[in-house]
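J.: The sequence shown begins at 1 in the UniProt record's numbering and counts up by one.
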Amino acid sequence: MTFQQHTPAPRAGGFTFKQFFVAHDRCAMKVGTDGVLLGAWAPLHKETRILDIGCGSGLVALMLAQRSGGRTPVDGVELDTAASAQASDNAALSPWADYIRIYQADIAAYAQAATARYSLIVSNPPYFSVGVDCASAQRAQARYTTTLTHDALLDCASRLLESGGRFCVVLPLQVADSFLRLAQQLAWYADIWVDVADSPARPVNRVLLSLRRHAVALTRASLIIRDDNRHYSASFQALTRDFYLSM
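1. Return yes when the Cβ of TRP193 is within less than 9 angstroms of the Cβ of VAL175, no when it is not.
2. Determine the DSSP secondary structure at GLN104, reduced to helix, strand or coil.
3. Please give me, in chain order, every unbroken run of the alpha helix (DSSP H) with length at least 4 that falls completely inside the stretch 170 to 243.
4. So, with DSSP's three-state summary, where would you put VAL22?
5. Can you tell which of ASP228, THR33, VAL77, ALA157 has its C-alpha closest to the C-alpha of LEU239?
6. With 16 other CB atoms within 10 Å as the buried threshold, where does VAL91 fall?
7. Return the chain-ordered list of same chain residues with a C-beta closer than 8 angstroms to the C-beta of SER199, the five sequence neighbours on each side being excluded.
8. Exposed or buried, what is VAL170 when buried is set at 16 or more other beta-carbons lying within 10 Å of its beta-carbon?
9. With DSSP as the reference, label ARG166 as helix, strand or coil.
10. For ALA83 and THR219, what's the separation of their Cα atoms in angstroms?
11. Report yes if the C-beta distance between residue 253 and ASP80 is below 9 angstroms; otherwise report no.
12. Skipping 5 residues on each side, what residues in its chain have a beta carbon closer than 6 angstroms to that of VAL204?
13. Short of 6 angstroms in beta carbon distance, which residues of its chain neighbour ASP89, apart from the five on each side in sequence? Order them along the chain.
14. Do LEU161 and PHE44 come within 9 angstroms of each other at the CB atom, strictly closer than that value?
15. Smallest Cα separation from LYS30: which of VAL216, GLY58, ALA201?
16. Less than 8 angstroms between the CB atoms is what I'm expecting for LEU180 and LEU209, so what's the real figure, rounded?
17. Once DSSP output is grouped into helix, strand and coil, what is the label at ALA142?
18. Relative to the C-alpha of THR16, which candidate in GLN237, LEU37, GLY56, SER94 has its C-alpha closest?
19. Please classify ASP25: is it buried, with 16 or more other beta-carbons within 10 angstroms of its beta-carbon, or exposed?
20. Report the partner residues of SER94 according to the DSSP bridge assignment.
21. Look at the alpha carbon of ALA65 and the alpha carbon of SER178, and state the distance between them as a whole number of angstroms.
22. Would you mind sorting ALA215 into buried or exposed? The rule is 16 or more other CB atoms within 10 Å of its CB.
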């Protein structure tokens, strides 16, 4: 099937990309840099099936559907009812409606019941165990690990990943080290670690991490989002130019 590129008209209540629109007014977590980074960066190698755990508005699932040429099934699992409904709507209005499925479910229950296995699993997971109060219970669920701990997330990914598959996450730097230590205790191996900084003068604040179930050499890299003039860096533009209207 051939997909014709069509840029949606910008509108309120969401974010317009080159080939799709993400409505997020019913979601606690809006379209943001973390999700865009994960969706644009996660390595694709002839994937057979892709899973987005905690898919929110469906942003990352849509980005991966676009990058895979609309030929790879992409599933999203989201616990929050409003967010999962909005993700389903976003997928249905995209050029890849036939390839994206959104499930409103707890990922632990989904992992126990699922028969499908995935060659690529991604997640922009909750990352704070404690913190300041959130504006709503919906936002707290998206940000805090009280509803999905990191060991539970890693266990679910292990159950759902096919042999030779890859699990990719985006995390704050202060969480990434402990996440990797936990993953290593559970027999995961890091093969790619990307330090992300907002500018050359700012410290690293995010990490893009790829995990495998077999031993592999670790590749480390870095990404700076904006240059000294506050323009998007050449490397960030190369990563996201297929998505952002301004690129």
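Backbone N, C-alpha and C define an ideal beta-carbon position, used for all residues, glycine too. Computed from a prediction, not measured in an experiment: that's the story for all the values here.
T.: Let me lay it out:
1. Not a contact, by the Cβ cut-off of 9 angstroms.
2. In the displayed model, GLN104 falls within a strand according to three-state DSSP.
3. Taken in chain order, the unbroken stretches of alpha helix (DSSP H) that lie wholly in the stretch 170 to 243 and span 4 residues or more are 173 to 185, 234 to 240.
4. Of the three classes helix, strand and coil, the one that applies to VAL22 here is strand, per DSSP.
5. The residue with the shortest Cα to Cα distance from LEU239 is THR33.
6. One point to set straight first is that residue 91 is Ala, not Val, in the sequence displayed. Within 10 angstroms of the beta-carbon of ALA91 lie 16 or more other beta-carbons, which makes it buried.
7. Hits under 8 angstroms: ILE224, ILE225, ARG226, ASP227, ASP228, ARG230.
8. With 16 or more other Cβ atoms from the protein chains shown falling within 10 Å of its own Cβ, VAL170 counts as buried.
9. DSSP places ARG166 in strand when its eight states are reduced to three.
10. Across the structure, ALA83 and THR219 are spaced so that their CA atoms are roughly 35 angstroms apart.
11. Outside the shown range of the chain, which is 1 to 247, sits residue 253, and nothing can be said about it.
12. Taking VAL204 as the centre and dropping the five residues before and after it, the same chain places the C-beta of LEU173, ASP195, ALA197 closer than 6 angstroms to its C-beta, in chain order.
13. Take ASP89, set aside five residues on each side of it, and no residue of its chain has a beta-carbon closer than 6 angstroms to its own.
14. One detail in the question is off: residue 44 reads as Leu in this sequence, not Phe. Taking 9 angstroms as the Cβ cut-off, LEU44 and LEU161 do not qualify as a contacting pair.
15. Of VAL216, GLY58, ALA201, the residue nearest in Cα terms is GLY58.
16. Indeed, because the Cβ distance is near 7 angstroms, the residues count as touching under 8 angstroms.
17. With a pLDDT of 42 at ALA142, under the threshold of 50, the modelled position of that residue is not reliable, and the figure given next carries that caveat. For ALA142, the three-state secondary structure derived from DSSP is helix.
18. The option with the nearest alpha carbon to THR16 is SER94.
19. The residue is exposed, with fewer than 16 neighbouring Cβ atoms inside 10 Å.
20. As far as DSSP is concerned, SER94 takes part in no beta bridge.
21. SER178 has its alpha-carbon roughly 30 angstroms from the corresponding atom of ALA65.
22. Exposure of ALA215 is indicated by the presence of fewer than 16 other C-beta atoms within 10 angstroms of its C-beta.
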